[in-house]
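Sequential numbering from 1 applies to the sequence shown in full-length UniProt numbering.
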Amino acid sequence: MKIIILGAGQVGGTLAENLASEANDITIVDTDMSRLRELQDRLDIRTVEGKASYPSILDQAGAQDCDMLIAVTNSDEVNMIACQIAQSLYNIPTKIARVREHDYLQSKKKIFTDKAIPVDVLISPEELVTRHVKRLIEHPGALQVLDFADGIAQLVAVKAYYGGPLVGREISFLRAHMPSVDTRVAAIFRQGSPIIPKGDTVIEADDEVFFIAAKRDIRSVMSELRRLDRPYKRIIIAGGGNIGARLASTIESDFQVKIIERDIRRCNDLAKRLDNTIVLHGSASDKELLLEENIEDTDVFCALTNDDEANIMASMLAKRLGARTVMTLINNPAYVDLVQGGVIDIAISPQQTTIGSLLTHVRRGDVAAVHSLRRGAAEAIEAVAHGDKRSSKVVGKTIEEIDLPAGTTIGAIVRNNEVLIAHDDVVVENDDHVILFLVDKRKIGEVERLFQVGLGFF
């Protein structure tokens with residue numbers, strides 16, 4: 001595919017990295033020449049310096065015969081105008097825009113239409129991060145929780161601990177030990193390296209285990225890998241910006257929520273907007289304030305400001321003062337691996353959350369969901385199978401018969417709202433949602449071809 005990416009920031013750069021390795025024709029546009037040069041030195045891409053919404057710049061980028069435009073600059077307005085021009089002048093088939101401002105999103109059904117601003121796919125990082133954090137709060141002890149088939153099936157990452165019933169045993173023991181619960185271990189990361197699990201694979205303490213199951217069975221399976229954490233009740237959110245405010249409004253009816261914000265005007269605004277959240281004026285790194293608010297009895301401390309260093313320092317202080325679980329928003333990818341798993345329990349990368357959503361629309365064929373895992377090291381895909389035995393390489397075959405690329409496993413199939421864990425004898429049918437796990441993203445093209453129908457895609 002010929003793809004133009006507008007904006008060479010963290011999201012644009014990471015997206016270019018993902019797509020360039022998959023034999024796409026990528027052009028990236030930005031005003032920062034040094035950033036473009038850095039990307040061009042590393043990746044097989046074209047770059048154009050200039051303002052992303054200017055017709056002359058889009059012309060230089062090759063908009064005349066472009067298949068997809070992805071606008072992820074730091075300006076909502078530039079992203080929207082670029083999509084408008086892409087439609088009016090070049091009739092680009094697919095236009096994706098990142099929009100952050102809550103005011104635009106509130107009226108998105110009226111604004112983002114063919115008759116107004118023609119954006120085919122709207123990406124809101126704040127919305128994606130809020131959902132991500134909410135799922136983590138709902139599943140104590142999980143490192144990552146991903147929805148498939150509208151939440152019917154979930155892929156969960158947990159750290160295996162000493163004392164878990166399955167730790168030190170072969171994976172095949174799980175089915176014998178829990179005959180009423182069907183699940184599959186999709187992958188294991190041990191000391192940062194992926195292991196494709198087999199029945200005789202032994203789970204060790206500190207393994208990062210990815211398993212898939214029906215949503216209702218997730219807690220039962222988690223209890224086999226670690227002591228089951230009691231449900232969270234008390235939440236403190238540091239930062240009353242878009243993400244903090246959105247999270248508070250989403251969870252305040254189910255949890256006891258406090259939000260700490262430095263700006264007094266923002267505090268007043270939050271107090272009016274939120275119904276059951278206590279709004280506190282002050283700094284999240286103020287030790288006295290945290291002690292006054294009983295940080296030692298807090299189940300989750302979420303640092304969600306726009307300042308990475310402030311988030312890290314506030315989280316470290318909260319943990320030292322007794323907060324049970326600490327989640328920290330970190331925009332700089334270089335920091336994520338440095339802090340996760342130490343004092344900070346979960347580092348949240350907005351870029352990786354956004355990338356997964358963007359890749360859903362870039363993948364060839366009928367792809368319902370894509371999730372980036374382990375900070376981009378692996379990927380989970382929900383693909384819809386189409387065709388019959390003659391036209392498809394997967395429909396009508398058992399899981400065992402499908403010739404999967406190395407490092408790829410099928411975790412589950414969702415059929416008519418029912419989760420079928422992918423045992424060897426399960427047969428894939430037309431319209432099945434097949435959930436695949438890839439530890440080697442270079443195999444994406446092979447997976448896409450595997451699901452082609454006849455000469456087309458899916």
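Beta carbons are placed, not taken as given, at the ideal position from N, Cα and C, and that holds for glycine.
None of the values given here were measured: they were computed from a predicted structure.
With 16 other Cβ atoms within 10 Å as the buried cut-off, status of residue i
{"i": "I5", "result": "buried"}
{"i": "E101", "result": "exposed"}
{"i": "T113", "result": "exposed"}
{"i": "G456", "result": "Interpretation of G456 is limited by its pLDDT of 40, a score under 50 that renders its predicted location unreliable; no figure is taken from the coordinates."}
{"i": "L291", "result": "exposed"}
{"i": "G342", "result": "exposed"}
{"i": "H139", "result": "buried"}
{"i": "H177", "result": "exposed"}
{"i": "K198", "result": "exposed"}
{"i": "N268", "result": "exposed"}
{"i": "M80", "result": "buried"}
{"i": "A16", "result": "buried"}
{"i": "M68", "result": "buried"}
{"i": "T398", "result": "exposed"}
{"i": "A107", "result": "Here residue 107 is Ser; the residue named in the question, Ala, does not match the sequence. Burial call: exposed."}
{"i": "E400", "result": "exposed"}
Under 9 Å between C-beta atoms of residue i and residue j
{"i": "A380", "j": "L128", "result": "no"}
{"i": "I70", "j": "V362", "result": "yes"}
{"i": "E429", "j": "G396", "result": "yes"}
{"i": "F210", "j": "V181", "result": "no"}
{"i": "D25", "j": "I3", "result": "yes"}
{"i": "L270", "j": "V133", "result": "no"}
{"i": "T47", "j": "D59", "result": "no"}
{"i": "T409", "j": "A187", "result": "yes"}
{"i": "V326", "j": "D297", "result": "no"}
{"i": "D432", "j": "A378", "result": "no"}
{"i": "L39", "j": "G13", "result": "yes"}
{"i": "R35", "j": "A8", "result": "yes"}
{"i": "Q10", "j": "N294", "result": "no"}
{"i": "I259", "j": "G239", "result": "yes"}
{"i": "N18", "j": "K443", "result": "no"}
Best match in the options for proximity to residue i [C-alpha to C-alpha]
{"i": "D275", "options": "P140, D217 and V257", "result": "V257"}
{"i": "A284", "options": "Q191, R273, D307 and V367", "result": "D307"}
{"i": "A318", "options": "Q106, V300 and L329", "result": "V300"}
{"i": "I203", "options": "L174, R219, V78 and C83", "result": "L174"}
{"i": "V394", "options": "D41, C66 and I413", "result": "I413"}
{"i": "L143", "options": "R42, S172 and E208", "result": "E208"}
{"i": "V434", "options": "G141, D103 and Q154", "result": "Q154"}
{"i": "V99", "options": "K115, E77 and Q351", "result": "E77"}
{"i": "Q87", "options": "P231, K115 and I236", "result": "K115"}
{"i": "H281", "options": "Y90, E382, D32 and I237", "result": "I237"}
Nearest-angstrom Cα separation, counted from residue j out to residue i
{"i": "L450", "j": "D403", "result": "8 Å"}
{"i": "R135", "j": "Q64", "result": "42 Å"}
{"i": "residue 465", "j": "E288", "result": "The chain is shown from 1 up to 458; residue 465 falls before or after that span and cannot be answered."}
{"i": "L438", "j": "V367", "result": "15 Å"}
{"i": "P179", "j": "S372", "result": "31 Å"}
{"i": "V279", "j": "K109", "result": "31 Å"}
{"i": "L436", "j": "F189", "result": "16 Å"}
{"i": "P125", "j": "R131", "result": "10 Å"}
{"i": "D150", "j": "V156", "result": "15 Å"}
{"i": "M1", "j": "L43", "result": "16 Å"}
{"i": "C83", "j": "I117", "result": "7 Å"}
{"i": "A248", "j": "T277", "result": "7 Å"}
{"i": "I312", "j": "T328", "result": "7 Å"}
Check: residue i C-beta below 8 Å from any heavy atom of the ligand ATP
{"i": "A186", "result": "In the structure on display, the ligand ATP does not appear, and there are no ligands present to speak of."}
is_contact[residue i, chain D] using C-beta, thresh 9 Å
{"i": "V158", "result": "The question asks about chain D, but that chain is absent: this structure has only one protein chain."}
Practice prompt. Decide yes or no for the touch test of the region 85–99 against the region 112–124: beta carbon pairs closer than 8 Å, at least 3 of them.
Written response: Output reads yes: the region 112–124 touches the region 85–99.
Worksheet entry | Three CB pairs or more closer than 8 Å across the region 160–171 and the region 231–249 | no
Discussion item. Assess contact between the region 202–221 and the region 413–426, defined as three or more Cβ pairs (one per stretch) separated by less than 8 Å. Is contact present?
Written reply: yes
Item to complete: Could you tell me whether the region 320–339 touches the region 260–279, where touching means 3 or more Cβ pairs closer than 8 Å?
Response: no
Practice prompt. Please determine if the region 218–237 and the region 188–195 are in contact, where contact requires at least 3 C-beta pairs separated by less than 8 Å.
Written response: Touching, no.
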